[in-house]
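J.: One structure follows; several queries about it will come next.
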Amino acid sequence: MDLQEVERTPLLQMAAMKSAAAPSVPATAAIPRVDSKRIIAKQSRPRKRISEFRRKGRDYSTWRGRIGVHIPIDEIDIAALSRVILETLPGWELEDEYDCLRLSQLHAESYASDTALTDDETGSPIKHSSSFDAAMPEVFVFSFGAVVFWNFVDAKQEEEWMATYLLCRLDVCGVLHNVAAAEEASDEIAFVYGDASSFRMDVVVLSTRDSGEKLAVSFALAKSSLLSIYEWRLQRTIERNSHIPEELAKNGKIAMTREEISQEIGQIFLVKHGINLDSSLVDTPEEFWEDDQFESIYQQAMKYFEISKRLELVNNRLSMLQDLHVVLIEAVENHHAVYLEWIIILLIVVEVLLDLFHLTIF
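Positions in the sequence shown are counted from 1; adding 510 to them yields this note's numbering.
Spelled out as C-alpha coordinates, the structure:
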(Lines of atoms letter the chains of each structure in order from A; the text may use other names.)
(Lines give C-alpha, C1' and ligand atoms only; values in the text may rest on other atoms or scores of the structure.)
Protein backbone atom coordinates (compact mmCIF):
# COMPACT_ATOMS: atom_id res chain seq x y z
CA MET A 511 0.00 0.00 0.00
CA ASP A 512 1.50 3.32 -1.09
CA LEU A 513 1.15 6.66 0.74
CA GLN A 514 -1.67 7.98 -1.48
CA GLU A 515 -3.75 4.87 -0.84
CA VAL A 516 -3.22 5.24 2.92
CA GLU A 517 -4.38 8.84 2.81
CA ARG A 518 -7.61 7.75 1.06
CA THR A 519 -8.33 4.88 3.47
CA PRO A 520 -10.77 5.63 6.29
CA LEU A 521 -9.39 5.52 9.82
CA LEU A 522 -11.21 2.35 10.80
CA GLN A 523 -9.92 0.50 7.70
CA MET A 524 -6.36 1.66 8.49
CA ALA A 525 -6.66 0.26 12.02
CA ALA A 526 -7.89 -3.08 10.68
CA MET A 527 -5.11 -3.24 8.07
CA LYS A 528 -2.47 -2.50 10.72
CA SER A 529 -3.89 -5.19 12.99
CA ALA A 530 -3.82 -7.74 10.14
CA ALA A 531 -0.31 -6.80 9.14
CA ALA A 532 1.12 -7.20 12.63
CA PRO A 533 1.78 -11.01 12.48
CA SER A 534 3.84 -10.59 9.28
CA VAL A 535 6.61 -8.74 11.13
CA PRO A 536 9.76 -10.84 10.88
CA ALA A 537 10.82 -12.55 14.10
CA THR A 538 14.22 -10.97 13.87
CA ALA A 539 12.86 -7.39 13.80
CA ALA A 540 14.06 -5.31 16.77
CA ILE A 541 11.07 -4.18 18.86
CA PRO A 542 12.07 -1.35 21.24
CA ARG A 543 11.42 -2.27 24.89
CA VAL A 544 10.02 0.23 27.39
CA ASP A 545 11.74 0.05 30.74
CA SER A 546 8.69 0.73 32.91
CA LYS A 547 10.61 0.37 36.18
CA ARG A 548 13.08 3.03 35.10
CA ILE A 549 10.31 5.44 34.08
CA ILE A 550 8.43 4.93 37.37
CA ALA A 551 11.63 5.36 39.36
CA LYS A 552 12.42 8.58 37.51
CA GLN A 553 8.92 9.99 37.99
CA SER A 554 8.77 9.14 41.70
CA ARG A 555 12.33 10.17 42.57
CA PRO A 556 11.38 13.14 44.83
CA ARG A 557 8.91 10.97 46.78
CA LYS A 558 11.51 8.22 46.99
CA ARG A 559 14.09 10.56 48.50
CA ILE A 560 11.64 11.81 51.12
CA SER A 561 10.46 8.30 51.86
CA GLU A 562 14.04 7.13 52.41
CA PHE A 563 14.69 10.21 54.54
CA ARG A 564 11.72 9.36 56.74
CA ARG A 565 12.50 5.64 56.87
CA LYS A 566 16.18 5.89 57.68
CA GLY A 567 16.26 9.20 59.52
CA ARG A 568 19.33 10.46 57.69
CA ASP A 569 20.49 13.72 56.11
CA TYR A 570 18.90 15.99 58.70
CA SER A 571 21.44 18.60 57.70
CA THR A 572 19.74 18.92 54.29
CA TRP A 573 16.20 19.46 55.61
CA ARG A 574 14.83 23.02 55.54
CA GLY A 575 11.41 23.53 57.08
CA ARG A 576 9.07 26.43 57.74
CA ILE A 577 7.70 27.89 61.00
CA GLY A 578 4.61 30.12 61.01
CA VAL A 579 2.95 31.94 63.92
CA HIS A 580 -0.51 33.48 64.27
CA ILE A 581 -2.38 35.04 67.19
CA PRO A 582 -6.02 35.48 66.09
CA ILE A 583 -7.60 35.51 69.59
CA ASP A 584 -6.73 36.75 73.07
CA GLU A 585 -6.98 33.41 74.93
CA ILE A 586 -7.61 29.67 74.50
CA ASP A 587 -8.95 27.26 77.10
CA ILE A 588 -6.21 24.65 76.85
CA ALA A 589 -7.88 22.16 79.20
CA ALA A 590 -11.17 22.21 77.27
CA LEU A 591 -9.41 22.10 73.90
CA SER A 592 -7.35 19.05 74.88
CA ARG A 593 -10.55 17.08 75.51
CA VAL A 594 -12.11 17.66 72.08
CA ILE A 595 -9.43 18.57 69.53
CA LEU A 596 -8.50 15.00 68.55
CA GLU A 597 -12.13 14.18 67.68
CA THR A 598 -11.64 15.98 64.36
CA LEU A 599 -7.94 15.24 63.91
CA PRO A 600 -7.49 11.49 63.27
CA GLY A 601 -3.87 10.49 62.87
CA TRP A 602 -2.64 13.27 65.16
CA GLU A 603 -0.95 12.92 68.53
CA LEU A 604 -1.53 15.24 71.53
CA GLU A 605 0.80 16.29 74.36
CA ASP A 606 -0.24 18.68 77.16
CA GLU A 607 2.57 21.06 78.15
CA TYR A 608 1.01 23.17 80.95
CA ASP A 609 0.07 26.38 79.08
CA CYS A 610 0.52 24.76 75.67
CA LEU A 611 -0.77 21.86 73.59
CA ARG A 612 1.54 20.10 71.15
CA LEU A 613 -0.16 18.40 68.20
CA SER A 614 1.85 16.26 65.78
CA GLN A 615 0.69 14.54 62.60
CA LEU A 616 2.00 10.99 62.47
CA HIS A 617 0.51 9.54 59.29
CA ALA A 618 -1.02 11.90 57.20
CA GLU A 619 -2.77 14.19 54.97
CA SER A 620 -1.63 17.26 53.11
CA TYR A 621 -0.16 19.74 55.57
CA ALA A 622 3.55 19.09 55.19
CA SER A 623 4.98 20.47 51.97
CA ASP A 624 6.21 17.87 49.42
CA THR A 625 6.16 15.18 52.12
CA ALA A 626 5.26 11.57 51.33
CA LEU A 627 3.92 9.84 54.41
CA THR A 628 3.83 6.29 52.93
CA ASP A 629 6.48 3.83 51.84
CA ASP A 630 6.91 4.08 48.07
CA GLU A 631 7.69 0.37 47.75
CA THR A 632 4.92 -1.15 49.89
CA GLY A 633 2.39 1.69 50.03
CA SER A 634 1.98 1.20 53.78
CA PRO A 635 2.21 4.08 56.29
CA ILE A 636 5.68 4.75 57.67
CA LYS A 637 5.68 4.46 61.45
CA HIS A 638 8.14 6.63 63.32
CA SER A 639 8.51 8.43 66.62
CA SER A 640 7.54 12.09 66.86
CA SER A 641 11.08 13.09 67.79
CA PHE A 642 12.54 11.30 64.78
CA ASP A 643 10.86 12.94 61.81
CA ALA A 644 12.08 16.35 60.70
CA ALA A 645 9.38 16.72 58.03
CA MET A 646 6.42 15.96 60.32
CA PRO A 647 3.79 18.74 60.71
CA GLU A 648 3.46 20.02 64.28
CA VAL A 649 1.22 22.63 65.92
CA PHE A 650 1.81 24.36 69.27
CA VAL A 651 -1.33 26.01 70.71
CA PHE A 652 -0.75 28.48 73.57
CA SER A 653 -3.20 29.61 76.23
CA PHE A 654 -2.66 33.29 75.39
CA GLY A 655 -4.04 32.78 71.86
CA ALA A 656 -0.91 32.16 69.79
CA VAL A 657 -0.57 29.18 67.44
CA VAL A 658 2.82 28.11 66.05
CA PHE A 659 3.00 25.80 63.01
CA TRP A 660 5.98 23.67 61.94
CA ASN A 661 6.31 22.24 58.41
CA PHE A 662 3.09 23.65 56.97
CA VAL A 663 3.22 24.80 53.35
CA ASP A 664 2.22 28.45 53.78
CA ALA A 665 0.20 30.93 55.84
CA LYS A 666 -2.98 30.16 53.89
CA GLN A 667 -2.87 26.51 54.90
CA GLU A 668 -2.24 27.49 58.52
CA GLU A 669 -5.23 29.84 58.51
CA GLU A 670 -7.41 27.07 57.04
CA TRP A 671 -6.28 24.71 59.80
CA MET A 672 -7.17 27.26 62.50
CA ALA A 673 -10.56 27.99 60.94
CA THR A 674 -11.39 24.28 60.65
CA TYR A 675 -10.12 22.90 63.96
CA LEU A 676 -9.76 25.83 66.39
CA LEU A 677 -11.64 29.07 65.75
CA CYS A 678 -14.92 27.25 65.11
CA ARG A 679 -14.91 26.08 68.75
CA LEU A 680 -16.47 29.10 70.45
CA ASP A 681 -16.47 27.35 73.84
CA VAL A 682 -12.65 27.27 74.00
CA CYS A 683 -11.72 30.46 72.14
CA GLY A 684 -11.66 33.98 73.54
CA VAL A 685 -12.24 37.29 71.78
CA LEU A 686 -10.91 37.82 68.26
CA HIS A 687 -8.14 40.38 67.88
CA ASN A 688 -8.46 43.22 65.42
CA VAL A 689 -7.84 41.79 61.94
CA ALA A 690 -5.12 44.33 61.15
CA ALA A 691 -3.40 43.62 64.48
CA ALA A 692 -3.52 39.85 63.90
CA GLU A 693 -2.01 40.24 60.42
CA GLU A 694 0.71 42.51 61.82
CA ALA A 695 1.55 39.93 64.49
CA SER A 696 1.75 36.98 62.07
CA ASP A 697 5.28 35.94 61.13
CA GLU A 698 7.29 33.11 59.60
CA ILE A 699 10.87 31.88 59.68
CA ALA A 700 12.80 28.84 58.42
CA PHE A 701 14.49 26.09 60.39
CA VAL A 702 17.27 23.62 59.67
CA TYR A 703 19.27 21.06 61.64
CA GLY A 704 22.89 21.56 62.65
CA ASP A 705 25.50 20.86 65.28
CA ALA A 706 24.61 23.77 67.58
CA SER A 707 21.47 25.79 68.17
CA SER A 708 21.55 29.29 66.72
CA PHE A 709 19.43 32.04 65.16
CA ARG A 710 20.61 33.99 62.14
CA MET A 711 18.93 35.83 59.27
CA ASP A 712 15.45 34.42 60.04
CA VAL A 713 16.71 30.85 60.15
CA VAL A 714 16.60 28.71 63.30
CA VAL A 715 19.23 25.99 63.63
CA LEU A 716 18.11 23.08 65.82
CA SER A 717 20.75 20.89 67.40
CA THR A 718 18.47 17.99 68.40
CA ARG A 719 15.39 16.16 67.18
CA ASP A 720 13.68 16.60 70.54
CA SER A 721 10.26 18.29 70.49
CA GLY A 722 11.30 20.18 73.63
CA GLU A 723 13.70 22.28 71.56
CA LYS A 724 10.89 23.15 69.15
CA LEU A 725 8.71 24.06 72.13
CA ALA A 726 11.36 26.47 73.41
CA VAL A 727 11.58 28.21 70.02
CA SER A 728 7.79 28.22 69.69
CA PHE A 729 7.35 29.90 73.08
CA ALA A 730 9.68 32.74 72.12
CA LEU A 731 8.07 33.15 68.70
CA ALA A 732 4.58 33.14 70.25
CA LYS A 733 5.59 35.79 72.82
CA SER A 734 7.06 37.92 70.06
CA SER A 735 3.72 37.70 68.26
CA LEU A 736 1.83 38.62 71.45
CA LEU A 737 4.09 41.62 71.97
CA SER A 738 3.36 42.68 68.38
CA ILE A 739 -0.34 42.88 69.29
CA TYR A 740 0.44 45.28 72.14
CA GLU A 741 2.81 47.28 69.94
CA TRP A 742 0.04 47.64 67.37
CA ARG A 743 -2.42 48.86 70.01
CA LEU A 744 0.12 51.28 71.42
CA GLN A 745 0.87 52.68 67.96
CA ARG A 746 -2.83 53.21 67.24
CA THR A 747 -3.27 54.97 70.61
CA ILE A 748 -0.33 57.28 69.91
CA GLU A 749 -1.61 58.10 66.42
CA ARG A 750 -5.10 58.74 67.75
CA ASN A 751 -3.81 61.21 70.35
CA SER A 752 -1.00 62.85 68.39
CA HIS A 753 -3.15 65.94 67.75
CA ILE A 754 -3.52 66.77 71.46
CA PRO A 755 -0.09 68.42 72.01
CA GLU A 756 -0.55 70.41 68.78
CA GLU A 757 -3.98 71.62 69.85
CA LEU A 758 -2.68 72.62 73.26
CA ALA A 759 0.21 74.54 71.72
CA LYS A 760 -2.02 76.25 69.15
CA ASN A 761 -5.30 76.88 70.99
CA GLY A 762 -4.48 76.35 74.65
CA LYS A 763 -7.28 73.78 75.02
CA ILE A 764 -8.32 70.32 73.82
CA ALA A 765 -11.24 70.04 71.43
CA MET A 766 -12.55 66.82 73.02
CA THR A 767 -15.63 66.13 75.06
CA ARG A 768 -15.34 64.83 78.60
CA GLU A 769 -16.57 61.41 77.44
CA GLU A 770 -13.93 61.23 74.67
CA ILE A 771 -11.18 62.18 77.10
CA SER A 772 -12.33 59.51 79.58
CA GLN A 773 -12.31 56.89 76.78
CA GLU A 774 -8.75 57.76 75.81
CA ILE A 775 -7.65 57.50 79.45
CA GLY A 776 -9.20 54.02 79.55
CA GLN A 777 -7.43 52.97 76.35
CA ILE A 778 -4.07 54.11 77.72
CA PHE A 779 -4.64 52.17 80.94
CA LEU A 780 -5.58 49.03 78.96
CA VAL A 781 -2.38 49.12 76.93
CA LYS A 782 -0.16 49.93 79.90
CA HIS A 783 -1.52 47.28 82.26
CA GLY A 784 -1.94 44.72 79.49
CA ILE A 785 1.76 44.84 78.70
CA ASN A 786 3.16 45.00 82.22
CA LEU A 787 0.71 42.67 83.95
CA ASP A 788 0.43 39.94 81.29
CA SER A 789 2.31 37.05 82.87
CA SER A 790 2.38 35.22 79.51
CA LEU A 791 4.63 37.94 78.17
CA VAL A 792 7.06 38.66 81.01
CA ASP A 793 7.37 35.38 82.96
CA THR A 794 9.50 32.34 82.18
CA PRO A 795 7.19 29.48 81.09
CA GLU A 796 6.41 26.85 83.72
CA GLU A 797 7.58 24.17 81.29
CA PHE A 798 11.17 25.18 82.02
CA TRP A 799 10.73 25.11 85.80
CA GLU A 800 10.35 21.34 85.71
CA ASP A 801 12.79 20.63 82.87
CA ASP A 802 15.35 23.32 82.04
CA GLN A 803 17.16 21.33 79.33
CA PHE A 804 16.14 23.78 76.61
CA GLU A 805 15.73 26.93 78.70
CA SER A 806 18.97 28.30 77.24
CA ILE A 807 17.46 27.88 73.74
CA TYR A 808 14.37 29.74 74.92
CA GLN A 809 16.49 32.59 76.29
CA GLN A 810 18.53 32.65 73.08
CA ALA A 811 15.35 32.87 71.02
CA MET A 812 13.95 35.64 73.26
CA LYS A 813 17.18 37.57 72.70
CA TYR A 814 17.02 37.04 68.93
CA PHE A 815 13.46 38.35 68.76
CA GLU A 816 14.57 41.29 70.96
CA ILE A 817 11.74 40.84 73.44
CA SER A 818 13.53 42.75 76.23
CA LYS A 819 14.51 45.66 73.96
CA ARG A 820 11.02 45.90 72.50
CA LEU A 821 9.49 45.84 75.99
CA GLU A 822 11.84 48.63 77.05
CA LEU A 823 10.89 50.69 74.01
CA VAL A 824 7.20 50.05 74.65
CA ASN A 825 7.57 51.18 78.27
CA ASN A 826 9.37 54.34 77.15
CA ARG A 827 6.52 55.14 74.81
CA LEU A 828 4.10 54.34 77.59
CA SER A 829 5.91 56.92 79.74
CA MET A 830 5.20 59.49 77.05
CA LEU A 831 1.59 58.39 77.06
CA GLN A 832 1.62 58.71 80.84
CA ASP A 833 2.49 62.40 80.45
CA LEU A 834 -0.34 62.69 77.96
CA HIS A 835 -2.53 60.87 80.44
CA VAL A 836 -1.76 63.53 83.07
CA VAL A 837 -2.67 66.26 80.58
CA LEU A 838 -5.96 64.52 79.81
CA ILE A 839 -6.79 64.15 83.51
CA GLU A 840 -6.07 67.84 84.04
CA ALA A 841 -8.29 68.62 81.06
CA VAL A 842 -11.12 66.57 82.61
CA GLU A 843 -10.63 68.34 85.93
CA ASN A 844 -10.62 71.73 84.21
CA HIS A 845 -13.81 70.83 82.36
CA HIS A 846 -15.41 69.88 85.66
CA ALA A 847 -14.11 72.98 87.42
CA VAL A 848 -15.46 75.22 84.67
CA TYR A 849 -18.80 73.44 84.90
CA LEU A 850 -18.96 74.03 88.66
CA GLU A 851 -17.96 77.66 88.22
CA TRP A 852 -20.80 78.22 85.79
CA ILE A 853 -23.23 76.59 88.22
CA ILE A 854 -22.02 78.87 91.01
CA ILE A 855 -22.30 81.93 88.78
CA LEU A 856 -25.81 80.89 87.75
CA LEU A 857 -26.83 80.44 91.40
CA ILE A 858 -25.44 83.89 92.28
CA VAL A 859 -27.35 85.44 89.40
CA VAL A 860 -30.55 83.72 90.53
CA GLU A 861 -30.00 84.92 94.10
CA VAL A 862 -29.41 88.51 92.95
CA LEU A 863 -32.53 88.43 90.81
CA LEU A 864 -34.58 87.11 93.72
CA ASP A 865 -33.26 89.87 95.99
CA LEU A 866 -34.10 92.52 93.38
CA PHE A 867 -37.56 91.02 93.02
CA HIS A 868 -38.12 91.20 96.76
CA LEU A 869 -36.90 94.79 96.95
CA THR A 870 -39.18 95.80 94.11
CA ILE A 871 -42.23 94.33 95.83
CA PHE A 872 -41.54 95.67 99.27
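Just so you know, even glycine gets a beta-carbon here, dropped at the ideal spot from N, CA and C. These figures come from a predicted structure and were not determined experimentally.
On a CA-only basis, which of T674, E669, Y703 is nearest A645? Give me that one, please.
T.: Here residue 645 refers to the residue found at position 135 when the sequence shown is read from its first residue. Comparing Cα-Cα distances from A645 to each of T674, E669, Y703, the minimum goes to Y703.
J.: If you count every other CB in all the chains shown that lies within 10 Å of the CB of R593, and 16 or more means buried, which is it?
T.: On the sequence shown, position 83 is the one that residue 593 refers to. Result: exposed.
J.: Quick check: the Cα distance between F815 and H783, rounded to an integer number of angstroms?
T.: The residue labelled residue 815 in the question sits at position 305 within the sequence shown. The residue labelled residue 783 in the question sits at position 273 within the sequence shown. Whole-angstrom Cα-Cα distance: 22 Å.
J.: Taking just the CA atoms, how far does L613 sit from L731?
T.: Here the question's residue 731 lines up with position 221 in the sequence shown. Here the question's residue 613 lines up with position 103 in the sequence shown. Approximately 17 Å between the Cα atoms of the pair.
J.: Taking just the CA atoms, how far does T767 sit from V842?
T.: Reading the sequence shown from its first residue, position 332 is the one you call residue 842. Reading the sequence shown from its first residue, position 257 is the one you call residue 767. Distance between the alpha carbons of V842 and T767: 9 Å.
J.: In angstroms, rounded to a whole number, what distance separates the CA positions of I855 and E861?
T.: Along the sequence shown, read from residue 1 onward, the residue named residue 855 stands at position 345. Along the sequence shown, read from residue 1 onward, the residue named residue 861 stands at position 351. For I855 and E861, the distance between alpha carbons rounds to 10 Å.
J.: CA-CA distance, A691 and G601?
T.: For the purposes of this step, residue 691 is taken as residue 181 along the sequence shown, with counting starting at 1. For the purposes of this step, residue 601 is taken as residue 91 along the sequence shown, with counting starting at 1. Distance between the alpha carbons of A691 and G601: 33 Å.
J.: With a floor of 3 residues, list each beta strand (DSSP E) that falls wholly inside the stretch 658-713, ordered by position along the chain.
T.: Taking only runs of at least 3 residues, the beta strand (DSSP E) segments lying wholly in the stretch 658-713 are 697-703, 708-710.
J.: Count the other CB atoms within 10 Å of the CB of E770; is the residue buried (16 or more) or exposed (fewer)?
T.: Locating residue 770 in the sequence shown gives position 260, where the first residue counts as 1. Per the 10 Å Cβ criterion, exposed.
J.: Where N825 and E741 are concerned, what is the direct C-alpha to C-alpha distance, given to the nearest angstrom?
T.: Here residue 825 is taken as the residue at index 315 of the sequence shown, counted from 1. Here residue 741 is taken as the residue at index 231 of the sequence shown, counted from 1. Roughly 10 Å separates the two Cα atoms.
J.: Determine the DSSP secondary structure at W602, reduced to helix, strand or coil.
T.: Counting from 1 along the sequence shown, the entry for residue 602 is found at position 92. In this structure, W602 counts as strand in the three-state DSSP scheme.
J.: Between the stretch 576-592 and the stretch 657-665, are three or more C-beta pairs nearer than 8 Å?
T.: They touch, by the three-pair rule.
J.: Tell me the DSSP secondary structure of G578 in three-state form.
T.: Along the sequence shown, one-based indexing puts residue 578 at 68. Of the three classes helix, strand and coil, the one that applies to G578 here is strand, per DSSP.
J.: I'd like to know if the stretch 734-748 and the stretch 827-845 are in contact, where contact means that at least 3 CB-CB pairs between them fall below 8 Å.
T.: Touching, yes, given that three or more Cβ pairs across the two stretches are closer than 8 Å.
J.: Can you give me the C-alpha to C-alpha distance between R827 and H753, rounded to a whole angstrom?
T.: Locating residue 827 in the sequence shown gives position 317, counting from the first residue. Locating residue 753 in the sequence shown gives position 243, counting from the first residue. Distance between the alpha carbons of R827 and H753: 16 Å.
J.: Measure from the alpha carbon of H937 to the alpha carbon of each residue in Y808, D705, F867, L737, then state which is nearest.
T.: The requested residue 937 is not part of the displayed model; the chain covers only 511 to 872.
J.: In terms of alpha-carbon separation, which member of R679, C683, S653, D697 lies closest to E668?
T.: Here residue 668 refers to the residue found at position 158 of the sequence shown. Answer by Cα proximity: D697.
J.: Between which residues of its own chain and L838 is the CB-CB distance below 7 Å, once the five residues before and five after are set aside?
T.: Here residue 838 refers to the residue found at position 328 when the sequence shown is read from its first residue. I771, E774, I775, listed in sequence order.
J.: DSSP three-state call for E648: helix, strand or coil?
T.: Against the sequence shown, residue 648 aligns to sequence position 138. If DSSP states are grouped into helix, strand and coil, E648 belongs with the strands.
J.: Just to check my reading of the structure: V714 and I817 have Cβ atoms closer than 8 Å, yes? What is that Cβ distance to the nearest angstrom?
T.: What you label residue 714 is simply residue 204 of the sequence shown in a count that begins at 1. What you label residue 817 is simply residue 307 of the sequence shown in a count that begins at 1. Going by Cβ atoms, the distance from V714 to I817 rounds to 15 Å, so no, they are not a contact pair.
J.: Once DSSP output is grouped into helix, strand and coil, what is the label at I583?
T.: Here the question's residue 583 lines up with position 73 in the sequence shown. It is a strand residue.
J.: Which stretch, first to last residue, makes up the alpha helix (DSSP H) that contains L616?
T.: Here residue 616 refers to the residue found at position 106 when the sequence shown is read from its first residue. It is not in any alpha helix (DSSP H) - L616 carries neither H nor E in the DSSP assignment.
J.: From the DSSP output, which residues share a beta bridge with L716?
T.: Here residue 716 refers to the residue found at position 206 of the sequence shown. Note: L716 sits in a beta bridge opposite Y703.
J.: Tell me which same chain residues have a C-beta within less than 8 Å of the C-beta of S717, skipping the five on either side of it?
T.: Here residue 717 refers to the residue found at position 207 of the sequence shown. So the list reads Y703, G704, D705, A706, S707, E723, once near-sequence residues are dropped.
J.: Rounded to the nearest angstrom, how far is the Cβ of A590 from that of V682, given a contact under 8 Å?
T.: Translated into positions along the sequence shown, residue 590 becomes position 80. Translated into positions along the sequence shown, residue 682 becomes position 172. Between V682 and A590 the Cβ distance is about 5 Å, and since that is below 8 Å, they are a contact.
J.: Cβ of F652 within 9 Å of Cβ of S721?
T.: For the purposes of this step, residue 652 is identified with residue 142 of the sequence shown, where counting begins at 1. For the purposes of this step, residue 721 is identified with residue 211 of the sequence shown, where counting begins at 1. Result no, Cβ atoms of F652 and S721 do not sit closer than 9 Å.
J.: Can you check whether the CB of L787 is closer than 9 Å to the CB of K733?
T.: Within the sequence shown, residue 733 is the residue found at index 223, counting from 1. Within the sequence shown, residue 787 is the residue found at index 277, counting from 1. Taking 9 Å as the Cβ cut-off, K733 and L787 do not qualify as a contacting pair.
J.: Closest by CA to L744, which one among R719, E757, Q777?
T.: Translated into the one-based positions of the sequence shown, residue 744 becomes position 234. Among R719, E757, Q777, the Cα nearest to that of L744 belongs to Q777.
J.: Find the nearest neighbour of P755 within the set A811, M830, L780, I699, judged by alpha-carbon distance.
T.: The residue labelled residue 755 in the question sits at position 245 within the sequence shown. It is M830 whose Cα lies nearest to the Cα of P755.
J.: Just mark M711 as buried or exposed, buried being the case when its beta carbon has 16 or more other beta carbons within 10 Å.
T.: Residue numbering aside, residue 711 sits at position 201 when the sequence shown is read from its first letter. So M711 counts as exposed.
J.: Taking the alpha carbon of E796 as the point to measure from, which residue in Y608, A700, K763, K760 has its own alpha carbon closest?
T.: As a position in the sequence shown, residue 796 is number 286, starting the count at 1. For the residues Y608, A700, K763, K760, the minimum Cα distance to E796 belongs to Y608.
J.: Closest by CA to Y675, which one among A665, L596, C610, F662?
T.: Numbered from its first residue, the sequence shown carries residue 675 at position 165. The option with the nearest alpha carbon to Y675 is L596.
J.: Which residues does DSSP list as the beta-bridge partners of L611?
T.: Counted from its first residue, the sequence shown places residue 611 at position 101. DSSP lists D606, V651 as partners of L611.
J.: Pick from A811, F779, L780: whose alpha carbon is nearest that of T794?
T.: Within the sequence shown, the letter at position 284 stands for residue 794. When only C-alpha atoms are compared, the closest one is A811.
J.: With distance defined between alpha-carbon atoms, name the residue in Y849, A847, G575 nearest to L699.
T.: Residue numbering aside, residue 699 sits at position 189 when the sequence shown is read from its first letter. Looking at the sequence provided, one finds Ile at residue 699 rather than Leu. Answer by Cα proximity: G575.
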